[in-house]
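Residue numbers (the working numbering), protein chains in the order written: chain A, 26 to 316; chain F, 15 to 258. Heads up, the beta-carbon is just placed ideally off N, CA and C, and yes, glycines get one too.
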Amino acid sequence: MMHTMNRFVCNNNKSIKRFLSTGKHSYQCNCMFCGVAVKSITNPSNRLLINKSANIKRDFTFSSPDDEDAHHIDKLLDNNKRWVKHNSENNPDYFAKLGQPQKPQYLYFGCSDSRVPANEILGLGPGEVFVHRNVGNLVPGNDLNALSVLEFAVDHLGVSDIIVTGHYNCGAVKAATATQDLGMLENWLRLIRDVYRLHRDFLDRIPNEQDRHRKLVELNVIEQCINIFKTGVVQRKRIQSKKEPGSKVVPRIHGLVFDTSEGILHRLDVDYSRVGSLEAIYGLYPSKPFL
Amino acid sequence: SLRYINTFNSNNQYTKSLNKLGPNTGRTFEEYFNRPGPWDEKNLDSLLIGNRKWIKKMQLDDPDFFYELKRGHAPKILWIGCSDARVPANELLGEPPGSVFVHRNIANLVVNTDFNCMSVIQYAVDVLKVKHIIVCGHYDCGGVKASLELVDHRSPLENWLRNIRDTTRLHKEELAELSDFNARCRRLVELNVIEQCLNVFKTAVVQRRRVETHNLIGSPKHNITFAEPRVHAFVYEPGTGEIN
């Protein structure tokens, strides 16, 4: 790229600075503290135009010198104090129990949707369920975040049941079926579009849009359950648990869907014979049973 | 009218006259940006013809060249470099194809949460058992320069360049002393390479193999004289072609 150094006045510190031409019509102030990228200059030799665009106010988005913002979460802190009082009165060693290392039985993968709080809908208290929530309750094979949660829960905490919960009227699933570009989010929602592709014949035949959406929500949950089966962590643990005589195979994987209008969790029936047929592709320990 | 494409390796009756001063002498940036080439066609047939010519040329130099390649590769060097078009890994080192296992990304970053780079390192160290890992940066790096600008480069690129901004933070004082933007860019290129070398050291794969090979130095069965893989920090100057 061609670089030309032109002398202009920087409006931020009022000194004659050298502006670096970084492209066809953009310039950048050379001093460390301005770092202002000036764009859309038609006539670079026109000093007044440069100064006009260089006068971009740097508002520091990092630190808020205005301390009034802190009081916006005072309500939450009051709620917290009330919660502490309520629990300590009813049950004296409630918090002492929380201080112990956790031993949850369940791992829950759910949607970040604020209408689907994990503990509440399952009726479980603190210390009983290890929760991971993200947009669209996805468990991708290449997401370090979800896979770290899965590995920690299965290997280190020893959970016995993994629950994947979707919900009807999921915004992520709706966005994934829409023809629009949400920028970076599309990289994440593409995983739901891939689920649609796998079940395209079935879904395209459903005439009613609402029914199609509900079916996609359910199929998404089932696909995420399959994704969990594909991971080496879960396969290894299942084989290990089967070796010990008299014990059940853990972890078990369950797919549920939450109906926000009624608040009921419905069990999804997974066709386990179809899942078993995937062993030829995803089985990492081929001589052992997949399920 | 046919204008012969002055390719990198060509030297024939058409290009001899053009090569007197160098291929891009006298051109403006616009002319260089719009230069003709096999990419002007929709289906890249000329590029594939160029590929056939390259095959013939390599076979002239060494008839067994492709036979050796067919048998497999055993590179001894892992190169982590920048995707920049001016920095082809094995050419810069003067090595033929089959000697260097290459991973190139924007600004030659080694990020622990990036499955891509981590898979390359795991494969190179565990399976290929490379002896050296070279992290090579280069001056006039677009990624490093973009990270010094206070501009939002938008979604995945900005997140990728954040890793360079974190390196800037670690060396804030040293970079602030440099007044010239270009000097700051050059120094950040060097600091970035060093930081990525440290990131390579942080991976469990590299640490495990280094311990393993350290214990095998001097063993008669293994050909190991130093703890493998050894990590090197290189920087390339596109203007002169030198690697330091």
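(message) Strictly under 7 angstroms for the Cβ-Cβ distance: is residue 257 (chain A) near chain F by that measure?
(response) Residue 257 (chain A) does not count as touching chain F.
(request) Please report how far the alpha carbon of residue 160 (chain F) lies from the alpha carbon of residue 99 (chain F), in whole angstroms. (result) Distance between the alpha carbons of residue 160 (chain F) and residue 99 (chain F) is about 17 angstroms.
(request) Measure the C-alpha to C-alpha separation of residue 302 (chain A) and residue 189 (chain A) and round it to an integer number of angstroms. (result) Taking the straight line joining both Cα atoms gives about 21 angstroms.
(message) Assuming contact is defined by CB atoms lying nearer than 7 angstroms, are residue 149 (chain F) and residue 130 (chain F) in contact in what I supplied?
(response) No, these two residues do not count as a Cβ contact at 7 angstroms.
(message) Output needed in chain order: residues of the stretch 164-176 of chain F with a Cβ under 7 angstroms from some Cβ in chain A.
(response) For the stretch 164-176 of chain F, which is checked against every Cβ of chain A, the residues closer than 7 angstroms are 164, 165, 169, 170.
(message) For the pair the stretch 172-188 of chain F and the stretch 220-239 of chain F, tell me if three or more CB-CB distances fall below 8 angstroms.
(response) Touching, no.
(message) Just list the residues that DSSP pairs residue 256 (chain F) with in beta bridges.
(response) Residue 256 (chain F) is bridged by DSSP to F:251.
(request) Check the Cβ of residue 127 (chain F) against every Cβ in chain A and list those closer than 7 angstroms, keeping chain order. (result) Counting only Cβ-Cβ distances below 7 angstroms, residue 127 (chain F) has contacts in chain A at 169, in chain order.
(request) Determine the closest residue to residue 291 (chain A) out of A:279, A:104, A:222, A:179, with distance taken between C-alpha atoms. (result) It is A:279.
(message) Against chain F, does residue 208 (chain A) count as a neighbour if the rule is that its beta carbon must be under 7 angstroms from one of theirs?
(response) Interface flag for residue 208 (chain A) against chain F is set, since a Cβ pair is found closer than 7 angstroms.
(request) May I ask which residues mark the beginning and end of the alpha helix (DSSP H) holding residue 228 (chain A)? (result) Per DSSP, residue 228 (chain A) belongs to the alpha helix (DSSP H) from 225-229.
(request) Between the Cα of residue 135 (chain F) and those of F:248, F:76, F:82, F:243, spot the shortest distance and give me the residue it belongs to. (result) Check the Cα spacing between residue 135 (chain F) and each of F:248, F:76, F:82, F:243: the tightest is with F:243.
(request) Would you please state the rounded distance, in angstroms, between the beta carbons of residue 299 (chain A) and residue 185 (chain A)? I believe it to be under 8 angstroms. (result) Going by Cβ atoms, the distance from residue 299 (chain A) to residue 185 (chain A) rounds to 24 angstroms, so no, they are not a contact pair.
(request) Enumerate in chain order the residues of its own chain whose CB-to-CB distance from residue 202 (chain F) is below 6 angstroms, with the five nearest sequence positions on each side excluded. (result) These residues qualify, in order along the chain: 158.
(request) Take the Cβ of residue 256 (chain A) as the centre, count every other Cβ of all protein chains shown within 10 Å, and call the residue buried at 16 or more, exposed below. (result) The residue is buried, with at least 16 neighbouring Cβ atoms inside 10 Å.
(message) Let me make sure I understand the geometry here. Which of A:169, A:127, A:198 has the alpha-carbon closest to that of residue 151 (chain A)?
(response) Restricting attention to A:169, A:127, A:198, the CA atom closest to the CA of residue 151 (chain A) is found in A:127.
(request) Per DSSP, which residues does residue 211 (chain F) bridge with? Please list them. (result) Answer is none; residue 211 (chain F) lacks a bridge partner.
(request) Would you tell me roughly how many angstroms separate the C-alpha atoms of residue 16 (chain F) and residue 67 (chain F), rounded to the nearest one? (result) Annotation note: pLDDT 48 at residue 16 (chain F) (below 50); position unreliable, coordinate value reported separately. When rounded, the distance between both Cα atoms is 19 angstroms.
(request) Please name the residue, chosen from A:222, A:179, A:197, that lies closest to residue 129 (chain A) on a Cα-to-Cα basis. (result) Nearest of A:222, A:179, A:197 to residue 129 (chain A), Cα basis: A:179.
(request) Under 6 angstroms Cβ to Cβ from residue 132 (chain A), same chain only, skipping five residues before and after it: list those, please. (result) So the qualifying residues of the chain are 155, 178, 184, 187.
(request) Kindly list the residues whose CB is nearer than 6 angstroms to the CB of residue 263 (chain A), restricted to its own chain and excluding five residues on each side of it in sequence; keep chain order. (result) Excluding its 5 nearest sequence neighbours in each direction, residue 263 (chain A) has C-beta neighbours in its own chain below 6 angstroms: 274, listed in chain order.
(request) Verify the contact flag: residue 230 (chain F), CB atom, against every heavy atom of the ligand HEM, threshold strictly below 6 angstroms. (result) The ligand HEM is absent from the structure shown, which contains no ligand whatsoever.
(message) Quick check: what's the CA-CA separation for residue 69 (chain F) versus residue 62 (chain F)?
(response) Approximately 11 angstroms between the Cα atoms of the pair.
(message) Quick check: the Cα distance between residue 106 (chain A) and residue 148 (chain A), rounded to an integer number of angstroms?
(response) Answer to the nearest angstrom: the Cα atoms are 22 angstroms apart.
(message) Within the continuous alpha helix (DSSP H) that includes residue 69 (chain F), where are the two ends?
(response) Residue 69 (chain F): member of the alpha helix (DSSP H) spanning 59-75, first to last residue.
(message) Based on DSSP bridge pairs, tell me the residues matched to residue 158 (chain A).
(response) In the DSSP output, where bridge partners are listed per residue, residue 158 (chain A) has A:135.
(request) Pick out the complete alpha helix (DSSP H) segments inside the stretch 122-189 of chain F, 4 residues or longer, and give them in chain order. (result) Correct list: 129-136, 156-162, 169-184.
(message) If you reduce the DSSP assignment to three classes, tell me which class residue 292 (chain A) lands in.
(response) Residue 292 (chain A): strand per DSSP, three-state reduction.
(request) Classify residue 280 (chain A) as helix, strand or coil using the three-state DSSP reduction. (result) Under the three-state reduction of DSSP, residue 280 (chain A) is assigned to strand.
(request) Write down the C-beta distance between residue 141 (chain A) and residue 97 (chain A) rounded to the nearest angstrom, noting that I regard them as a contact closer than 8 angstroms. (result) Contact between residue 141 (chain A) and residue 97 (chain A) fails: their C-beta atoms lie close to 25 angstroms from each other, not under 8 angstroms.
(request) Please state if the CB of residue 152 (chain F) and the CB of residue 250 (chain F) are separated by a distance shorter than 7 angstroms. (result) With contacts defined as CB atoms closer than 7 angstroms, residue 250 (chain F) and residue 152 (chain F) qualify as a contacting pair.
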